[in-house]
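These notes concern the structure reproduced below.
In the UniProt record's numbering, the protein residues as written are 1 to 1154.
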C-alpha cells in the first residue's frame, strides 16, 4: 500500500486535510499525515469455509503494520458507509514474557470495534496488539484513514525491498512483532524469536515465497485458485502465520491462523526454509484448514488431512510422496509404507479384518495405513484426482451432501468412481471398505466402465513397478461442464418463502464440457447459506452426461418474510417459512451442526397438526449432533392445508431463535410458537381463545361466575379451556369511601387456561352493575345504605361501609328510618330495625346483615322514612348522578323517589320486589277454570281474590258425562302479586276399551362443541333400543283417530337462552307392514315449525280410518338397516350459543275423529 497518497475530490480533500492537521497536532506529533488504506472486500471467513468445504476458516485480516500499545488510542476515519467493517487489535495465540503483550491467550476478545462511517476511536485496555481491519463485504471496497503510521518491521512482498525491511528491523527494534504480507499469507513473527534469521540475506523474501508456494499448492490440492471461476474460485482470504510462545505439537491449525509456536525449534526451522523445503508437519497443519469434511468420517481427522500434505510434498522440486519406492533427498525411508503392508498382511490372514479392526489394534499408528486407501487414487489416476474430487463435492447441492459417517463413506465411493470414470467397487472391496447395496445400485445406474487394473497394489509397488507405471491409469477422461454467465445479470433478491423455486438458469448460456465434449444440462440453484440474509452467493449447478457437476455463483440476497430462523453453537443452521403458492412448508438448512458440544440434546421440534390440532400429521426433531440441512430436509416441501397448525419448539429459544413478521425482526420470548396456515400465508397463531362475551350488565350484589360473562368461545388449538377470574374479580360489595360510579362500573380480569398449554389468555371485561330490587337510604353527604333483595340467595343484603351519620344536621334520637319485615309464614316473628338520625350508615348496614334476613315469596318489607320525598342531605356530586331524594327505590325496572306517604311496602314476588304505597292495593287474584281436553269450558270459571300472602284453596266440580283427568298441581296456594290460574281438565266418558299412547322415546342429541359453522346433529342411539312411539287401540270398533306432534317451543336453557334458528326434523317413519288394517302414515319426513309467536305448530303423522289401527302399533324413527336415528337438529353457525344444556318438549296428541 502507498502511504500519504490522496485520491479524493477537492471538497473532501479539504475536509481531510483539516482533520489531518487536528489529529497530527493533538494525537501524534510524529505523524506528518494520515495513514490511508484501501480495504478490498474479503468476505466472511466462516461463510467461505463452508462454501469451500474446508476444515478451518482462513483470515480476512488486512494488516496495517501498526502495533498499538495497551491503553493507547487510535483514530480511524471511514469514508463510506460500510456493510460490515471491523477494527481488530491483538494477536493470535498464547503469549508469555513478550514485551508489550499481557501474558495469556487473549486473541482479539478485547480488541474488536465495529466501524461506522466517519470518526471511530479505540484503545485496548487489556493488552497491546497488532492492528488489523476486517472487511466482511464481498462487493464493497472501503477507504480508511488512520491516526498512526507503521511502527513495526513490515515487509510486503513485491513492494518492500529487503533492504528497507532490514533497516526497519533496527528502526523498530523495541516492538514485539515484525509482519510479512503477500497475496497468499500473513506472518506475524516475534522479534525476540527470529530477528536474527530475517537479518540474514534475503531470508524474509525466501520465507514468504515458501509460504506462498505451500498455500498455492494446498489451494491446488483442494481444487481452489484465487483466479478460478465457479467452484474453483478461492475466496480472498489468506493463511495467517502466528508465532505464540507455546501451543500443541510443533505447529497447530485452528480457525483464522496457523500457530508456529516457540516451545520447540520447529518455528525457527521453518523461518529458515527455502523455496522447496519439505516440512510434512507444516503441510499437515495447513492441510487441516483445507480438509474436506464430507469425506472425513470418524477416526479420519488425522488421515484425510495428509492428502493435502502428500499433494504439496509431491509437487515441491525434488520430493515425492512418502509412499514412493523411489528415493528422494527428503524421503529417506519407507516407514510410511509399513502400516499399509501390516494392514494388507492382516487382511490376508484374517478374512474379517478391516480398518475398524486395524484402528482398534493400532490406535496410535493406523493413520498412514488408512491414508493409503486415499492416496492410491491420486497415485494411480494422477494428482489432479483430489482437486477434481473436491470440486465435484463443492458442485453438489447442499441438500444432496452426506450428513453422517455412513452416508459420507457411501457418497465417497460414488464420487471417487465418477472422477475415476470407473466403477471402483473392486478397489474398495479389496480395502474391506463396505460398499452398500444401495451404493452398488447407484453405481450401476451410472454405467461406468469396469476397473481394468489391480490399482490397490500400487501403494506397495516396487521401484521398477513405479517406473513402469504398472498399476497406473493414464488416460484422462474427466471432463468438466461449463456455461457462460450473462454479464448484465441484475442483483438478485428472493423472499425466503419462495426459495424452493429459486433458479438462475435463465442467466446462463453456451452450455458445454471441456476438454472432452459432453452434453450439459442445468440441474438447479441454491444459496451458499439459505439461513443468511446478507448479500451472498447464489449458485447455479450444471451437469454433463458423465454426471460431473460444476457450479457458478452470482451475488444475491435472501430476505425474510414470516420466517423462523434457528441458531446453534455456530450460528443459524436452519430456517422455516410457508409458500402459499405451492401450499408447502419451506425448510432449508446449512451444514452446521446444531450443537455439537451437546450431541444428545434435542433442540428443535416441529409438529404439524390438522385444524385445531385434532390430528398430528408429522413430527420432526433435531439433536445437537445433527446438521441443519438434514433436519430441514425432513420438513421441506411438506404439503399443508388451510387451518393446519405448526408447532415449533426450540430449546433456549431466546438466544437461539430469530423470528420475522412481514420482514421485520421481532423479539422471541418463549420456547414454543404456533403458526396457522391461511389463504394469505402462515401467520403466528394466537393461542388465546376467541370469546363472545355476554352483555356484562348485572343487578348490584349479584354473585357472578365466569359463566355470567362468556357467551361462547372458539379454541384455536387442542386442549380443554378453563376460565377463571384473574386479580380483579367482580366486586360485589361496595367499599368504604368508594363512589357509586366506581362501584357500578368495574373492569374484571378473566384468565383462560388450556389443559395442555397452561395460561393462554388474559382478558379485561367491563362490568356494569345496575340498581334492581334495591332501596337506597342516603346518609348525610353520601349514598348511605343500599338494601337489595338477592333473588338467588333469597335474602336481604345491605351495603354501605361509610362511618358517617344518617343525618348529622339533626342530633335527635328520633327514628329516621324504621324497617320491618313481615313473613308469609305466620310462625316467623317479624323483623324490625330502627335507624336514628345519629346512626352511622356502616352501623345500619351491619344491623341488617347481622339479622341474616331470608325472604320468600309473599314476605313484605316495610320501609318508613320520616324524610320521605325530601332531598338527601348534602349529597356528594357522584351520588347525585343516581339519587337525589331521602328515599329511592329501584323495583320492577323503574326508579321511584316520590311517594304518597311515609310508609312503602315491598312485596317479595317470583320476579323480585313489587312496590305498594298502601296495603289495600296488595290484593291477589286466582281464576279457577273447568275445561275438557281441548280446553273447551265445561262450567263457569270461579274468581277468587284476597290479600296477598293469604292462602287459597280450590276443589273440582262434578260435571255430567265427564271424569276429572287429574288434579292440577296448584289446587291450593297463596295469593300472589301476579294473577294465578287453576285449571281442572276433564275427559269425556267413552264406551269400554280405550285408545292410548303407551310410549314415546326420549331424544338426546348429546354434548356438542360450539361452532361458527352450520351444524347438523343426529340424535344419540338408544341403549339396546330404537326411537319409536307406541299406540294401542283396544276398542271394539277401532280407528277414527289421528296422531299429531308439535315442538312446544324452541330449544332453550334453564336461563331462557334460545337456540335461535334451530330446526328439529324427523324422517324415515315406518311401522310393521305385515299386519292387517295398518294405519296410514301421512308424513314420513318433516320439520317442526313455529308460529310468529314462537309456539309450535302440530304436524299430523298417522291417521287411522274406521277399522284401522286395532291393537298395538309402533312407529319407528330410524334408518331400518342401520338403526341410526333419523332425528336431526340443524343449528345455524350464526346462532349465538352458550355453554349450557338446551332442551325442548315434544307434545304428542292422540285425537278421536268421530
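Ideal Cβ positions, reconstructed from N, Cα and C, are used throughout, including at glycine.
Pairing residue 1048 with residue 985 gives a Cβ-Cβ distance that is not under 8 Å. The Cβ atoms of residue 257 and residue 59 sit closer than 8 Å to each other. In the DSSP assignment, residue 445 falls outside any beta strand (DSSP E) and lies within the alpha helix (DSSP H) extending over 437-446. Exclusion of the five residues before and after residue 83 leaves 137, 140 as the residues of its chain whose Cβ lies within less than 6 Å of its Cβ. CA-CA distance, residue 400 to residue 441, rounds to 17 Å. Rounded to whole angstroms, the separation of the alpha carbons of residue 722 and residue 756 is 11 Å. Between residue 801 and residue 842, the C-beta gap is smaller than 8 Å, which places the two residues in contact. Nearest to residue 573 by alpha-carbon distance, out of 595, 580, 559, 560, is 595. In the DSSP assignment, residue 1064 falls within the unbroken beta strand (DSSP E) covering 1063-1066. Residue 1051 and residue 718 have their C-alpha atoms some 29 Å from each other. Taking C-beta atoms under 8 Å as the contact rule, residue 1045 and residue 1079 fail to qualify, at a distance of about 15 Å. Going by DSSP, residue 376 is part of the alpha helix (DSSP H) stretching over 367-381. DSSP, reduced to helix, strand and coil, places residue 1089 outside both helices and strands of the structure shown, so it counts as coil.
DSSP places residue 762 in the strand class (E or B) of the three-state scheme. If you ignore the 5 residues before and after residue 285, its C-beta comes within less than 7 Å of the C-beta of 251, 252, 253, 258, all in its own chain and listed in chain order.
Setting aside the 5 residues that flank it on each side, residue 1131 is surrounded in the same chain by 1015, 1062, each with a C-beta closer than 6 Å to its C-beta; the list follows chain order.
The DSSP assignment places no complete alpha helix (DSSP H) segment of no fewer than 4 residues inside the stretch 699-733. One thing to note: residue 1021 has its Cβ within 8 Å of the Cβ of residue 1123. Nearest to residue 1142 by alpha-carbon distance, out of 1004, 1094, 1100, is 1004. Sixteen is the threshold: since fewer than 16 other Cβ atoms of the shown chains lie within 10 Å of the Cβ of residue 516, the residue is exposed. In this structure, residue 976 places its C-beta atom within 8 Å of the C-beta atom of residue 948. In the pairwise beta carbon analysis, the stretch 917-929 is classified as not touching the stretch 800-819: fewer than three pairs are separated by under 8 Å.
Boundaries of the beta strand (DSSP E) harbouring residue 983: 980-988, taken from the DSSP string. The beta carbon of residue 704 sits closer than 7 Å to those of 698, 730, all from its chain and outside the five residues before and after it, given in chain order.
With 16 or more other Cβ atoms from the protein chains shown falling within 10 Å of its own Cβ, residue 530 counts as buried. Contact check between the stretch 156-175 and the stretch 567-584: fewer than three CB pairs, one atom from each, fall below 8 Å, which does not count as touching. The shortest CA-to-CA distance from residue 403 to any of 627, 1023, 881, 120 is the one to 627. Short of 8 Å from the beta carbon of residue 1081, and not among the five residues preceding or following it, lie these beta carbons of its own chain, in chain order: 1069, 1070, 1071, 1101, 1102, 1115. Between residue 88 and residue 55, the beta carbon gap of about 22 Å keeps them out of contact (Cβ cut-off 8 Å).
Note on geometry: alpha-carbon atoms of residue 1030 and residue 1042 lie some 13 Å from one another. Straight across, the Cα-Cα distance linking residue 747 with residue 931 is about 55 Å.
Residue 999 and residue 916 have their alpha carbons spaced roughly 49 Å apart. Under the three-state reduction of DSSP, residue 1035 is assigned to coil, being neither helix nor strand. Counting every other CB atom within 10 Å of its CB across the protein chains shown gives residue 541 a total of 16 or more, marking it as buried. In the structure shown, residue 642 falls within a coil segment according to DSSP collapsed to helix, strand and coil. In the three-state reduction of the DSSP assignment, residue 571 falls in the strand class.
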